[in-house]
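*Asks:*
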Amino acid sequence: MKQTYHPSAHEQTESEDEESRIHTGREKERLVEDRDYVPVIIKRTDQSRRHPDDILENAIDEGLEQLERPFFSLFLSSMAAGLILGFTAMSVAILQRQVDEIHWLISARLITAFVYPLGFVMCIMSGTQLFTEHTATAVYPVLDRRSSLMRLLRLWAIVLLGNIVGAFIIACMLDAAEPVIQAHQGYIAIGHHLVGYSAGALIVSAILAGWLMALGAWLIMSTAPMLSQIVVIYIVTFVIGIGGLHHSIAGSVEIFAAYLIDPSLTIYEVVRFITLAVFGNLIGGSVFVGVLNYAHIRKTQSVE
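When you read off a place in the sequence shown, starting at 1, and then add 133, the result is the number in the working numbering.
Laid out in structure tokens, this is it:
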């Protein structure tokens with residue numbers, strides 16, 4: 134004779150508590166799946182198409198994890214990210230010099246755009262903390278009222294500081310290794326490119342770059358691990374490179390390297406570029422990705 138399972142009073146109370154905390158339709162579906170299916174084996178897999186609300190929950194969890202990290206851990210991770218992006222600056226500078234020397238007919242921007250993503254792939258896949266990733270990811274827990282604005286500002290400050298410190302250290306190392314790398318002329322050309330725009334143009338360019346980087350972080354969470362994530366990173370940063378858009382951290386390595394080499398660049402130009410690029414990246418990621426993603430997903434998935 135088949136026996137029917139009857140939940141205990143304690144289990145019924147827990148179930149009612151879970152249901153009272155449901156805010157979206159997808160949360161309700163996940164609760165039903167957790168009750169009816171064996172996790173991992175039968176439930177959603179990494180290869181399946183991910184529901185937008187699932188991606189948002191993952192993004193919130195990731196943001197909370199980083200918001201709660203100790204200062205020293207977060208700083209070292211972000212400094213490592215700044216160091217790794219030096220390989221993007223090195224690759225672009227080398228190709229820039231080669232293009233200038235042999236006067237290829239093909240666009241220098243198109244050629245350098247192919248190698249621009251390399252440092253970003255290594256940086257993001259290594260799990261180090263990049264400021265332009267957190268312009269959106271760290272915003273989600275605050276919008277969801279699971280963390281405070283002060284913790285968000287703390288995270289941004291630590292990650293940005295670590296990225297800038299790492300960018301300066303790797304710029305010094307690239308300068309010291311110049312007899313081997315031979316990319317000084319490339320750094321100088323890139324440095325003058327970075328400072329040769331009005332404040333308005335630079336900010337809008339940085340907004341677009343920050344938008345793309347934060348969108349890339351979102352797409353990484355929506356795709357299966359490894360190869361597809363590398364493709365996402367490459368595509369997003371290739372678009373930044375082909376557009377000549379301004380990324381605050383990669384640009385910091387480039388302008389630091391140029392400043393160490395070229396006496397015509399002033400500290401004012403260096404600080405001006407980094408400040409405007411950071412501001413633009415912050416707006417692009419937090420508003421055009423963070424706020425918009427959260428608003429449209431929570432609005433469409435909310436339970437009446």
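C-beta: ideal position from N, C-alpha, C; glycine also.
Note that the structure is a prediction, hence the values are computed from the model and not measured.
Measure the CB-CB distance between Ile-303 and Val-403 and report whether it falls below 8 Å.
*Replies:* Against a cut-off of 8 Å, the Cβ pair of Val-403 and Ile-303 comes out as no contact.
*Asks:* Nearest-angstrom Cα distance between Leu-293 and Ile-368?
*Replies:* Answer to the nearest angstrom: the Cα atoms are 24 Å apart.
*Asks:* State buried or exposed for Arg-230, treating a residue as buried only when at least 16 other CB atoms are found within 10 Å of its CB.
*Replies:* Arg-230 should be labelled buried.
*Asks:* Quick check on this structure: which residue in Ile-336, Leu-327 and Glu-198 has the alpha carbon closest to the alpha carbon of Ile-416?
*Replies:* Considering only alpha carbons, the answer is Ile-336.
*Asks:* Assess contact between the region 329-343 and the region 371-383, defined as three or more Cβ pairs (one per stretch) separated by less than 8 Å. Is contact present?
*Replies:* Enough Cβ pairs lie closer than 8 Å, so yes.
*Asks:* Excluding the 5 residues flanking Leu-285 on each side, which residues of the same chain have their C-beta closer than 6 Å to its C-beta?
*Replies:* The residues are Ala-271 and Val-275.
*Asks:* Can you tell me whether Tyr-273 is buried or exposed, with buried defined as 16 or more other CB within 10 angstroms of its CB?
*Replies:* Flag for Tyr-273 reads buried.
*Asks:* Could you name the residues of the same chain whose beta carbon sits closer than 7 Å to that of Asp-308, not counting the 5 residues immediately before and after it, in chain order?
*Replies:* Correct list, in chain order: Ala-390, Leu-393 and Ile-394.
*Asks:* Given this structure, state the Cα-to-Cα distance separating Ser-224 from Met-283, to the nearest angstrom.
*Replies:* C-alpha separation (whole angstroms): 37 Å.
*Asks:* If distances are taken between C-alpha atoms only, which option among Phe-253, Leu-243, Ala-410 and Ala-290 comes closest to Gln-199?
*Replies:* Cα-wise, what sits closest to Gln-199 is Ala-290.
*Asks:* Determine the burial state of Ile-400: buried for a count of at least 16 other Cβ atoms within 10 Å of its Cβ, exposed for fewer.
*Replies:* With fewer than 16 Cβ atoms within 10 Å of its Cβ, Ile-400 is classed as exposed.
*Asks:* Secondary structure at Thr-157, three-state DSSP: helix, strand or coil?
*Replies:* The answer is strand: DSSP assigns Thr-157 an E or B state.
*Asks:* Note down the Cα distance separating Ile-188 from Ile-257, rounded to an integer number of angstroms.
*Replies:* The alpha-carbon atoms of Ile-188 and Ile-257 are separated by roughly 18 Å.
*Asks:* Looking only at C-alpha atoms, which of Ser-397, Met-255 and Ala-332 sits nearest to Thr-411?
*Replies:* The identity of residue 411 in the sequence shown is Val, whereas the question assumes Thr. Nearest option by C-alpha distance: Ala-332.
*Asks:* Near Val-173, what residues of its chain come up, given a Cβ to Cβ distance below 6 Å and the 5 sequence neighbours on each side ignored?
*Replies:* At Val-173 the pLDDT is 49, less than 50, meaning the model places this residue with poor confidence; the figure from the coordinates comes in the next sentence. Around Val-173: no qualifying Cβ.
*Asks:* Grouping DSSP H, G and I as helix and E and B as strand, with all else coil, what is Pro-274?
*Replies:* In the structure shown, Pro-274 sits in a helix (DSSP, three-state: H, G or I).
*Asks:* So Gly-260 and Ile-217 are supposed to be a Cβ contact under 8 Å. How far apart are they, rounded?
*Replies:* About 11 Å separates the two Cβ atoms, so there is no contact after all.
*Asks:* Which residues mark the beginning and the end of the alpha helix (DSSP H) in which Met-354 is found?
*Replies:* Element bounds for Met-354: 332-355.
*Asks:* Thinking C-alpha only, which one of Thr-356, Asn-296, Gly-324 and Thr-268 is nearest Met-346?
*Replies:* The option with the nearest alpha carbon to Met-346 is Thr-268.
*Asks:* Within 10 angstroms of its Cβ, does Val-254 collect 16 or more other Cβ (buried), or is it exposed?
*Replies:* Under this definition Val-254 is a buried residue.
*Asks:* DSSP state of Arg-163, grouped into three classes?
*Replies:* Looking at Arg-163 - three-state DSSP - the assignment turns out to be helix.
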